[in-house]
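Input: a single structure, listed below in structure tokens.
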Amino acid sequence: MMPQTIQQILVPLDYCDASLRALDIALSLSKKYRAQVHLLHVAEGVDVPDTCGPTNCSSIKSTLVSWLADAITHRYELQPTWTELAGNAPTQIIRWLRHHPCDLVVMGRAKQRSPHTTSLGSTTYKLVKHAACPVLVVPEHCCETSFSNALFPFRPVSGAMHLLHICQIFMAGGAVINLQPFADNHEERNINLCRLLVEEAMEVLDKIQIDWPAPWCGKPLHLADCIADVYKQCNADLLVLPPSLADKNSVGYMDPQIRHLIASLAVPFLYLCNVSWLRTTNKSLALFTEN
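Numbering that gives the first Met the number 0 numbers the first residue of the sequence shown as 0 and each following residue consecutively.
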């Protein structure tokens, strides 16, 4: 099966290092798949030195926007759209998405102020929770524009692999996807279903190596910690969160275990739990979601 393609990409920008990393990934994807990139900045307040008056601040912003647009055109030969809004950032971004449906959101995640902090950040949390399309969240220490070793944890339920092919969009040549089943018990039916799902994955993916260990079985309350351990053990550089991991899937809801996982593990992750359905076009496989 050919990989999922994308046509519309949203990048929320706040000019921090993390959002610029996200922009770099989005532009690389845009050039590869000929997708349109939309840049969105929401002004929640101006944080500048006291010596910078309103006129100078406006001039600095205009200069920064102009420089960034010129850099994108020069390096990628692309012409992204640019939107400036004011108000609450997550609210405005979600509202923009409802009026301009996108196939993917790529956003940065700033470094936590304390190594003991496990906060996901309000904008990241609300956008991931409410966006009805895949969301790729990139920490500022991420230097790659594609990934080579992804972890795809899943529960042994029917349809657990139906979004696996989306991962190919983000993977480099010779990449590995680690399929890690998580079952509540060692019942034979769970083990057999895991094998069938892995066989299905091998038919879905094209030119990507698949590794999978024996299913992990344990209490659901320990799921987040166990996924974090597996991520570190397999030296993954991307965590994929499919719908089968959540106890229920709906826009506006996030499974508590998944929230704990992505809050405590500051790594690139692809959130797919809100993706509702797929539609095939005559030119490509394009992703659509409910509004």
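Beta carbons are placed, not taken as given, at the ideal position from N, Cα and C, and that holds for glycine. On a predicted model such as this, the values are computed, not experimentally measured, just so you know.
Contacting residues, own chain, Cβ-Cβ under 6 Å from residue i (five flanking each side not counted)
i, result
"residue 156", "243"
"residue 104", "9, 130 and 134"
"residue 256", "222 and 223"
"residue 109", "15 and 17"
"residue 32", "4 and 5"
"residue 151", "176, 178 and 239"
"residue 121", "none"
Residue i - DSSP class collapsed to helix/strand/coil
i, result
"residue 8", "strand"
"residue 145", "coil"
"residue 176", "strand"
"residue 130", "coil"
"residue 154", "coil"
"residue 235", "coil"
"residue 100", "coil"
"residue 197", "helix"
"residue 73", "helix"
"residue 83", "strand"
"residue 115", "Summary for residue 115: the model assigns pLDDT 45, below 50, so the residue's position carries little reliability, and this model does not support an answer."
"residue 40", "strand"
"residue 167", "helix"
"residue 20", "helix"
"residue 224", "helix"
"residue 15", "coil"
"residue 91", "helix"
"residue 209", "strand"
"residue 274", "coil"
"residue 204", "coil"
"residue 162", "coil"
Cβ distance (whole Å) where residue i is taken to contact residue j below 8 Å
i, j, result
"residue 37", "residue 12", "That belief does not hold up - the Cβ atoms of residue 37 and residue 12 are roughly 10 Å apart, past 8 Å."
"residue 191", "residue 149", "Actually they do not touch by this definition, with Cβ atoms about 25 Å apart."
"residue 34", "residue 7", "6 Å"
"residue 138", "residue 265", "5 Å"
"residue 92", "residue 126", "6 Å"
"residue 241", "residue 182", "Residue 241 to residue 182, Cβ: 15 Å. No contact."
Cutoff 8 Å; reference residue i; Cβ partners in own chain excluding five residues on either side
i, result
"residue 354", "With the chain represented from 0 up to 290, any question about residue 354 goes unanswered, as that position is not in the structure."
"residue 146", "169, 170, 171, 174, 236, 237 and 267"
"residue 123", "106, 108 and 136"
"residue 230", "150, 238, 264 and 266"
"residue 68", "79 and 81"
Chain-order list of residues whose beta-carbon lies under 7 Å from that of residue i (same chain, five-residue window excluded)
i, result
"residue 201", "209"
"residue 251", "128 and 129"
"residue 259", "223"
"residue 234", "148"
"residue 71", "26, 77 and 79"
"residue 144", "23, 24 and 27"
"residue 226", "152 and 260"
"residue 20", "107, 137, 139 and 141"
"residue 48", "Annotation note: pLDDT 41 at residue 48 (below 50); position unreliable, no value reported."
Chain D within 8 Å of residue i, Cβ atoms only
i, result
"residue 88", "Note that chain D does not occur in the displayed structure, where there is just one protein chain."
At least three beta-carbon pairs within less than 8 Å, the stretch 24–33 to the stretch 85–96: no
task: Just list the beta strand (DSSP E) runs in the stretch 240–270, keeping only unbroken ones of 3 residues or longer that don't cross its boundaries, in chain order.
output: 268–270
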